[in-house]
Structure formats: C-alpha cells, structure tokens
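See below for the structure under consideration.
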Amino acid sequence: MTTTAPTAIGLPVSDADPFSHEVLEDPTPFHAQLRDAGPVVYLDRYDVYAFGRHEQVHAALVDWQQFQSAAGVGLSNFRYEKPWRPPSLVLEADPPRHDAPRRVLTKVLGPRALRRLHEQWVADAEVLVDQVLAAGAEFDAVPALAEAFPLRVFPDAVGLPAQGRENLLPYGDHAFNAFGPPNDLVARGNPRVAELSAWVGAQCAREVLAPQGFGADIWAAADRGDITHEQAPLVVRSLLTAGVDTTVHGLSAVLYAVATNPDQWRRLRAQPELARVAFDEAVRWESPVQTFFRTATTDVAVAGHVVPEGKKILMFLASANRDPRRWADPDAFDLGRDPSGHVGFGMGIHQCVGQHVARLEAEALLTALARRVATIEPAGPTKRHHNNTLRAWESIPVRMLPA
Ligand code: OVM
Numbered sequence: 004m005t006t007t008a009p010t011a012i013g014l015p016v017s018d019a020d021p022f023s024h025e026v027l028e029d030p031t032p033f034h035a036q037l038r039d040a041g042p043v044v045y046l047d048r049y050d051v052y053a054f055g056r057h058e059q060v061h062a063a064l065v066d067w068q069q070f071q072s073a074a075g076v077g078l079s080n081f082r083y084e085k086p087w088r089p090p091s092l093v094l095e096a097d098p099p100r101h102d103a104p105r106r107v108l109t110k111v112l113g114p115r116a117l118r119r120l121h122e123q124w125v126a127d128a129e130v131l132v133d134q135v136l137a138a139g140a141e142f143d144a145v146p147a148l149a150e151a152f153p154l155r156v157f158p159d160a161v162g163l164p165a166q167g168r169e170n171l172l173p174y175g176d177h178a179f180n181a182f183g184p185p186n187d188l189v190a191r192g193n194p195r196v197a198e199l200s201a202w203v204g205a206q207c208a209r210e211v212l213a214p215q216g217f218g219a220d221i222w223a224a225a226d227r228g229d230i231t232h233e234q235a236p237l238v239v240r241s242l243l244t245a246g247v248d249t250t251v252h253g254l255s256a257v258l259y260a261v262a263t264n265p266d267q268w269r270r271l272r273a274q275p276e277l278a279r280v281a282f283d284e285a286v287r288w289e290s291p292v293q294t295f296f297r298t299a300t301t302d303v304a305v306a307g308h309v310v311p312e313g314k315k316i317l318m319f320l321a322s323a324n325r326d327p328r329r330w331a332d333p334d335a336f337d338l339g340r341d342p343s344g345h346v347g348f349g350m351g352i353h354q355c356v357g358q359h360v361a362r363l364e365a366e367a368l369l370t371a372l373a374r375r376v377a378t379i380e381p382a383g384p385t386k387r388h389h390n391n392t393l394r395a396w397e398s399i400p401v402r403m404l405p406a
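Okay, structure coming up:
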C-alpha cells in the first residue's frame, strides 16, 4: 500500500486495491497498514472512506442513522447505480422499512426453531463424520465437511426441494462478489447470473417450499400480516443468499484453525462444551465476511475527519477483529479468550440474523468431531478461494486420526 502524505485536511490517502488478488490471498499485511495509517483512510481508486480499526468499525456499524444501508452495502451506490438484483428487504434497507422483515427473520431463526432442529442436526453431524472417517483418514475438509454439512442440513431446514441445490453456493458466491468492484471475479460470475437468479427466485414461491420449514414460516408470517405477501419471496431469498456460503466458510475457518493449532484442538477435545467459543473465535480470527460498506447520510465527523454526505464507507470487519488496539495477541487462535465484541457477524440492527443457526451447525459438527477424532493435522498444501467479500478456502487437506 502506498500511503501518500496526508492531504491538506490531514486525511491519509491510499491507492491500494483491497480487492486485488494479492490482498485477497493474504489481507493481513494490508489490514495492518490500513490501521496504522489512521482511523480513516481515503482509498482514491474507489473514492471510498476506509475504517480498519475496531473503534471506528464498531461505531459505524451501530450508527445506522449516519451510515445507511439502503444505498447498498457494497461499493455500488444505489443512489446513482441500478442494483444487479432487487435490493434485499433487510440487508439493503434502513428503518422503518427494514424492521418488519427483520422481525420476521429474527422469529423464524429464533430459539424455538433451533430447539426443534438441535437433536436432528447433532445426529446428522454424527452420521456425516462417521461416513467421512470410514472412507479414510486423509481427505479435503472443505468439500467433505465444511460444504457437506451445511448442504445436508440447511436446505432441508428451509424446505427447499432436492433439485438444483448445487446452485446455492455459486449464487451466494456471486452475491458476495457483487459487493466489491466490477472486477474479474464479478465478470467470471456474470454469465450465470440470469440462470442462478431465476432458480433462486423460483425457490422462494410458497408452492415450491415444503409445508414446514423456515420458508413456510416466512409465508405464515405474511398470512399473519407481519409482512406483506409481496415481501415474502424476497425475505426467503435472504436466507438462500446469506445462509450457505457464510456457514461453509465459517466451518472451513474453524477446521483450519484446529488443524493448525493442535493445542487448541486438544483443549476442545477435553472440553467439547467449548465448541461455540471455538466457532466464535474462528469467526473473529478469520472473518468469513471481511467487509461491508455503508453510505454517509450527512457530513459525518469521524476521529477529527469528515466523511462527506453521500460517500461510501468501507468497514474492514476482518481488520477490526485483529486490531491490536482492541485484542491481546490478535493473530492467535485462542480458546482461552473471550471473542465476544468481534464484528464478524456485524453489530447493531443489521447484525447477522442467522448467527444462531450458524452456531448450531458449528456446535453439531465440532462436537461430533471432538468425540471421534484424536488428532487433526494438515496433510498437504491448502488453497484459498478468492471472493471480493468472503475469506474462503477451496481446499484444506487434513489427516484425522480416530480417538
Ligand atoms: C440478503 C443478504 C443478507 C446478508 C448477506 C448477504 C449476500 C445477503 O438479505 O440478501 O450477502
């Protein structure tokens, strides 16, 4: 990153490209430079105001009045550019319009629904882990576990038909790429956007969804008048967009973390009740969702600088989650720390509404592994999957020796 001398008004400027393949391969050095350059850094290549420190990222996340979402939470400013799909009714909305769809999702994905799923998901995780281990000690943890488990439990919980589920990951991958600039990653996804969007759109119809599940629950909320029947399909779409890739990469993160930190795996084996802490610590450590944007609704004063009205703010969740101003030994994956306060699920009114579903998936899978697997070791070179928003693995070869 070339940081030029601060401008006349004292704002550090950088010509870095956070969406370049070099940064996507390993964003950690860039994040450190960004944090050290100042609390606000102007990225002149994109005309955006970047926050890399925990203090400013957290403050922006909880200030929806001055940092709005309705102009899009990617680089594209919906005030001037047409979105690639109809905006999400929750993610890309501000109060008051945001609130009814959000309340519906909070309820549909809440404690009652999860109590119903808990036993089934624990049993599903045990079956999957037994199958994988029976096939051999060495395998790729990404397809075998991180992809297989969410794809086994989540689409069923939504009530999706079996046909076409292979579209879920490519659709989500493109949606998260689309928050970034229109670079080669977006171009590579574009040829399939019409086909994938049509498939996802079709799955949101009441007749296509099973009579029980998150999808049916959203339609039932429309019958009660909590949202309109016109809104219901787009609320279902949010589950299909945000619910699969995120959990796949979150599970990859925690599997990579325990494979490369054998002391932490031993700790988890000795205390399987640490499974949820392990997952949250992995979300802090890896930040499967790296970034989101906001738009300034007014000239906003931030740490002695001004973010002008209408400009985009780029919040580096991943950088905030490893800010040494906030965390002791931030680069360590440590089950002994309290990871709460991390912004990997966001914060404030848009904080991940599916986080309890994600934690339940992780708890089921990690607990099944902790009961069966004595040691987890890397078994070959890992490979990253690049995405403009997601921190992802394509491949994590591992060797798991049974207990
Ligand atoms: C949505 C949504 C919510 C969170 C993340 C996301 C693609 C999408 O409501 O569609 O990423």
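Taking the numbering used here, the leading residue of the sequence shown gets 4, the next gets one more, and so forth. From the three backbone atoms N, C-alpha and C, an ideal C-beta is built for every residue, glycine too. Only a predicted model underlies this, so the values are computations on that prediction, with no experimental measurement involved.
Alpha-carbon spacing of residue i relative to residue j, whole angstroms
i      : j      : result
Ala53  : Ala63  : 11 Å
Gly175 : Ala245 : 7 Å
Arg394 : Gln293 : 6 Å
Lys315 : Ala323 : 18 Å
Ala371 : Pro342 : 23 Å
Ala165 : Leu212 : 11 Å
His57  : Phe33  : 15 Å
Thr31  : Trp288 : 11 Å
Leu14  : Val135 : 53 Å
Asp337 : Ala260 : 10 Å
Gly77  : Leu404 : 43 Å
Gln274 : Pro42  : 39 Å
Cys355 : Phe348 : 5 Å
Trp268 : Ala262 : 7 Å
Val130 : Asp334 : 34 Å
Ala74  : Asp50  : 15 Å
Ala147 : Ala225 : 37 Å
Cβ-Cβ distance between residue i and residue j below 8 Å
i      : j      : result
Ser23  : Leu108 : no
Phe296 : Val257 : no
Val65  : Leu320 : no
Arg279 : Glu366 : yes
Ala361 : Gly253 : yes
Leu172 : Val251 : yes
Leu363 : Leu46  : no
Val111 : Asp29  : no
Val247 : Pro327 : no
Pro400 : Ala382 : yes
Ala205 : Trp222 : no
Candidates the options: closest to residue i by CA position
i      : options                           : result
Arg270 : Gln68, Val292, Gly253 and Arg340  : Arg340
Pro89  : Val238, Asn264, Asn186 and Asp337 : Val238
Arg374 : Leu120, Arg38, Ala126 and Val286  : Ala126
Thr385 : His101, Arg402 and Gln354         : Arg402
Ala230 : Val93, Ser17, Phe81 and Ala73     : It is worth fixing the name first, because residue 230 is Ile in this sequence and not Ala. The shortest C-alpha separation from Ile230 is found at Val93.
Ser290 : Leu277, Ala306 and Arg325         : Arg325
Ile352 : Gln71, Ser398 and Pro265          : Gln71
Trp67  : Pro114, Asp102, Val44 and Ser79   : Asp102
Arg38  : His121, Asp187, Arg209 and Arg329 : Arg329
Asp159 : Arg118, Tyr83, Asn180 and Pro214  : Pro214
Val286 : Asp266, Glu276, Ser255 and Gly307 : Ser255
Beta-ladder partner(s) of residue i, from DSSP
i      : result
Gln71  : Thr298
Thr378 : Leu404
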